[in-house]
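Participant: According to the working numbering, the stretch in the sequence shown is residues 52 to 395, in order.
Here a beta-carbon is modelled for each residue, glycine too, at the ideal position from N, C-alpha and C.
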Amino acid sequence: MLNVLNKRLFWFLALPIIVINGWALLQIFQYFGRIITIAVSATLLSFLLDYPVFFLEKHQVKRPRAVILVFLIALVIILVLGVILIPLLLEQLTGFIEKFPSWLASGNQQLESFDQWAHKQKLPINLTLWTNQFTESLSSQLQDITGDIISFIVNTLGRIFDILITIIITFYLMLHGDRLWDGIFNWLPNHLEIHVRKSLRQNFQNYFIGQATLACLMGVAMTIGLLVLGAPFGLLFGIGIGLMTLIPFGTALGVTLVSLLITLEDFWLGIKVLIVIVLIEQAIENFVAPRILGGFTGLNPVLILVSLLVGAQVWGVLGLLIAVPIAGFVKNTVNYLRYYSEFH
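(1) In terms of residues, what are the limits of the alpha helix (DSSP H) holding TRP319?
(2) What does the alpha-carbon distance come out to for the pair LEU76 and PHE83?
(3) Would you call the segment 331-340 in contact with the segment 308-320, where contact means no fewer than 3 C-beta pairs closer than 8 angstroms?
(4) DSSP three-state call for ALA272: helix, strand or coil?
(5) Here's the rule: buried if 16 or more other CB atoms are within 10 angstroms of the residue's CB, otherwise exposed. What is ASP101?
(6) In its own chain, which residues sit with a C-beta less than 7 angstroms from the C-beta of TYR387, not counting the 5 before and 5 after it?
(7) Whole angstroms are fine: how far does the CA of PHE318 sit from the CA of SER157?
(8) Quick one: what does DSSP say LEU53 is sitting in, helix, strand or coil?
(9) Under a three-way DSSP split, which group does ILE298 fall into?
(10) DSSP three-state call for LYS249: helix, strand or coil?
(11) Go through its chain and collect everything with a Cβ distance to LEU304's Cβ below 8 angstroms, but skip five positions before and after it.
(12) How should GLN78 be labelled, buried or exposed, when 16 other C-beta atoms within 10 angstroms of its C-beta is the threshold for buried?
(13) Using three-state DSSP, classify GLY281 as helix, strand or coil.
(14) Would you kindly report the start and end of the unbroken alpha helix (DSSP H) that includes VAL398?
(15) For ILE290, which residues from the same chain have a beta carbon less than 7 angstroms from its beta carbon, with the 5 sequence-adjacent residues on both sides left out?
(16) What is the rounded straight-line gap between the Cα of ASN159 and the Cα of PRO341?
(17) For LEU53, which residues of its own chain have a beta-carbon under 7 angstroms away from its beta-carbon, when the five flanking residues on both sides are left out?
(18) Between which two residues does the alpha helix (DSSP H) holding ARG85 run?
(19) Give the DSSP-derived three-state secondary structure of VAL112 in the structure shown.
Here is the structure:
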């Protein structure tokens, strides 16, 4: 009984300290946001590129040569894709912004026709007020989203120096990252060092490798499906769904949004698109994703949603990407410390 009271007293006293430290960390992140963004981006890129480096090392290629080879190949791939895809995506994004008002008008017309038909059939349905509110809300939301996307692209292209620094740090972490991490982990007790290394690899490296693989597969499959169906802006929508796959629950949101947008322009084409891309999404989620991800984070869906909201509030797009692995790492570490304190 006394032991239980001591534990409750400990957490009662520790909770305010944890909250204060969390607030202080948030202030530090906001003040050094640009530097931390560069460091985190470089770390994530080095995590992703470490897998092909490890593969080459297994085939008797020395690490410095493997790092240089993988780094150069990655740069070439990014440059080629950037030169080919970015102009096409910007062209389709511009075309979508120009056509969106006419899509809204078409969607309103379709809903008004359905409303008139329902009235003739004496069905208790009145969509006029709801459709006006919905279209106004959808229009403002999409304008905000497209504006954010364009400003994000412009800001990214404008920060050439940040991109160069990120590339340099990524190369350094690929080449000498082990020494850096060893120096950091040596400050921890031996038992905690082993756990932290394992948990970080599981919650960050494996997570991002899995999510990036799924995003590429989803983006390619969705783009092909949309182009085969003759959907407008198939490349933009397909790659958009692929990018949203990087975020938990993002695929379902992307599929719903794309289907809804195409339905505004052509109802029956929108239904076909919905059926096909849902089938593609379900096939990948049920047959491919379990083999790649395996549900290793072990997080409750509510906790995932909360971590995404906090990540978006603190760090925007980057926060959305790293929120879930951070939450998984914190959960695993807290469970480990609780288990260790009980048995030691």
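Facilitator: By the coordinates alone:
(1) 318-334
(2) 10 angstroms
(3) no
(4) helix
(5) buried
(6) HIS246
(7) 10 angstroms
(8) The pLDDT assigned to LEU53 is 46, lower than 50, so where the model puts this residue is not dependable; a value taken from the coordinates is nonetheless given after this. Helix.
(9) coil
(10) helix
(11) MET295
(12) exposed
(13) coil
(14) Outside the shown range of the chain, which is 52 to 395, sits residue 398, and nothing can be said about it.
(15) LEU140, GLY270 and THR274
(16) 41 angstroms
(17) Note that LEU53 scores a pLDDT of 46, beneath 50, so its modelled location is shaky; the value from the coordinates is reported in the next line. Cβ within range, chain order: n/a, list empty.
(18) 84-109
(19) coil
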